[in-house]
Amino acid sequence: MRVVSGIQPTGNLHLGNYLGAIRNWVTMQDAHPGQCLFFLADLHAITLFQDPASLTASTREMAAALMASGIDPAKSILFNQARVPEHAQLAWILSCTARIGWLNRMTQFKEKSGKDREGASIGLYTYPVLQAADVLLYKATHVPVGDDQKQHLELARDIATKFNNDFAVELFPLPEPIIPAAAPRIRSLRDGSAKMSKSDPSDMSRINLNDDADSIAAKIRKAKTDPAPLPDTLAELAERPEARNLVDIYASLSGETPDAVLARFAGQGFGAFKPALAELTVETIAPIGAKFRALLAQPEVVDAALAAGGEAARAIAAPVLAEVQAAVGFLR
Ligand code: TYM
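This is the structure in structure tokens:
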């Protein structure tokens with residue numbers, strides 16, 4: 000078993016990242032110490048322009064946030080992607096395996112490129128090939144991600160299958176996405192049709208893991224909802240995405256099913272539900288925020304962890320890349 004996943008070091012680590020992915024990273028790390036690699040996807044971040052000084056700072060901050068969330072460099076390999084040149088090297092080879100038609104189906108490119116598709120970077124278009132390289136480089140078997148990354152993982156499986164077939168090798172195992180049942184996709188607090196995202200211009204749309212108790216309570220109090228009370232079953236929330244999102248968040252935090260949460264709150268309005276949700280959120284997040292601030296005061300600890308992680312990652316990546324180069328037939 001090998002577990003691999005990444006996160007873009009732009010903006011803050013938010014509740015969607017945490018409940019959708021990072022909490023699963025910690026679970027897998029603790030169940031399989033020594034078999035997990037987690038990285039800051041700085042190569043992916045630059046598909047949209049990043050101010051250089053901010054990129055450096057947010058890479059360090061995101062690493063600190065992951066460590067505060069429970070990623071332990073003694074149990075997992077934690078590094079930033081740019082430190083391991085094999086990611087980009089494998090991405091080139093796999094970009095010759097991936098088909099243009101496959102990339103044309105990727106919904107994230109359509110969302111991120113917006114109206115000016117011709118003006119988007121080529122990197123934004125080939126982003127999913129780099130993501131495939133990220134996991135295949137380590138022969139990953141399991142990839143803990145939120146639901147929004149499912150399509151990218153399917154592409155990685157297609158690329159792996161075609162590469163294995165084209166070169167008649169069994170080089171890449173097919174990576175399995177690990178997506179949480181309770182909170183596959185956390186929505187924006189302002190708009191139930193959008194996912195909670197680091198890039199949403201409104202900070203009120205998301206709960207950041209370093210928000211203090213007052214701002215968490217304020218964001219939940221102001222979260223968009225409707226005047227109807229909570230129903231008995233989840234099925235009745237189908238047309239109420241904002242209400243459904245808050246119930247999903249509660250269930251994910253408390254470790255219950257959404258139906259169990261509704262059984263307890265059925266008939267009550269958001270006046271009662273929101274304070275309970277705020278309390279539960281603060282309970283989970285406050286200790287992470289405290290550890291995060293302590294780590295930010297020791298940047299050398301974070302930097303040393305990433306440097307050691309980069310070396311450990313390269314030690315795994317280099318022989319796999321060599322195998323790929325041999326399969327392709329490069330004279331070396
Ligand atoms: P990123 O940085 O957008 O998000 C990191 C992880 O958080 C999950 N996530 C969510 N889950 C539930 N609800 C949400 N609102 C939400 N927002 C984010 C994401 O699914 C992800 O698991 N392309 C990736 C980074 C990446 C990667 C990889 C992931 C690069 N290479 C290889 C896995 C394997 C991304 O932009 O994630």
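The numbering of the sequence shown is my numbering, which starts it at 0 and goes up by one.
A virtual CB, placed ideally from N, CA and C, is assigned to each residue, including glycine.
Should residue i go down as buried or exposed, given a rule of 16 or more other Cβ atoms within 10 Å for buried?
| i | result |
| --- | --- |
| residue 127 | buried |
| residue 4 | buried |
| residue 194 | buried |
| residue 91 | exposed |
| residue 277 | buried |
| residue 160 | exposed |
| residue 0 | exposed |
| residue 330 | exposed |
| residue 106 | exposed |
| residue 201 | exposed |
| residue 247 | buried |
| residue 8 | buried |
| residue 204 | buried |
| residue 57 | buried |
| residue 291 | buried |
| residue 143 | buried |
| residue 110 | exposed |
| residue 75 | buried |
| residue 289 | exposed |
| residue 104 | exposed |
| residue 308 | buried |
| residue 48 | exposed |
| residue 186 | buried |
| residue 218 | buried |
| residue 318 | exposed |
| residue 72 | buried |
| residue 241 | buried |
Who are the Cβ neighbours of residue i in its own chain at under 6 angstroms, not counting the five residues just before and after it?
| i | result |
| --- | --- |
| residue 158 | 93, 96, 97, 131 |
| residue 222 | 188 |
| residue 211 | none |
| residue 151 | 127, 130 |
| residue 315 | 137 |
| residue 141 | 2, 175, 177 |
Give every residue of the same chain whose Cβ lies closer than 7 angstroms to the Cβ of residue i, excluding the five residues on either side of it in the sequence, and list them in chain order.
| i | result |
| --- | --- |
| residue 149 | 176, 178 |
| residue 265 | 229, 230, 231 |
| residue 46 | 120, 122, 123, 126 |
| residue 155 | 130, 131, 134, 135, 174 |
| residue 69 | 25 |
| residue 61 | 6, 8, 12, 39 |
| residue 298 | 59 |
| residue 44 | 7, 8, 9, 54 |
| residue 324 | 331 |
| residue 285 | 212 |
| residue 267 | 228, 229 |
| residue 326 | 166, 168, 170 |
| residue 88 | 320 |
For residue i, write down the residues that DSSP places opposite it in a beta bridge.
| i | result |
| --- | --- |
| residue 38 | 5, 78 |
| residue 143 | 177 |
| residue 207 | 13 |
| residue 186 | 194 |
For residue i, which residues in the same chain have their Cβ closer than 8 angstroms to its Cβ, ignoring the five residues on either side in sequence?
| i | result |
| --- | --- |
| residue 184 | 15, 19, 145, 146, 147, 194 |
| residue 169 | 163 |
| residue 165 | 96 |
| residue 250 | 181, 182, 256, 257, 259, 260 |
| residue 86 | 42, 80, 129, 132, 133, 136, 316 |
| residue 275 | 249, 264 |
| residue 312 | 36, 38, 76, 78, 82, 83, 137 |
(request) Within the segment 120–171, note down every full beta strand (DSSP E) run reaching 3 residues or more, in order along the chain. (result) Counting whole runs of 3 or more residues, the segment 120–171 contains the beta strand (DSSP E) stretches 141–143.
(request) For the segment 224–253, list the alpha helix (DSSP H) runs that are entirely contained and at least 4 residues long, ordered along the chain. (result) Counting only runs of 4 or more, we get 240–253.
(message) What ranges does the beta strand (DSSP E) occupy inside the segment 283–326, keeping only unbroken runs of at least 3 residues that lie completely in it?
(response) Correct list: empty.
(request) Could you tell me which uninterrupted beta strand (DSSP E) segments, each at least 3 residues in length, are contained entirely in the segment 64–119, listed from first to last along the chain? (result) You should have 76–79.
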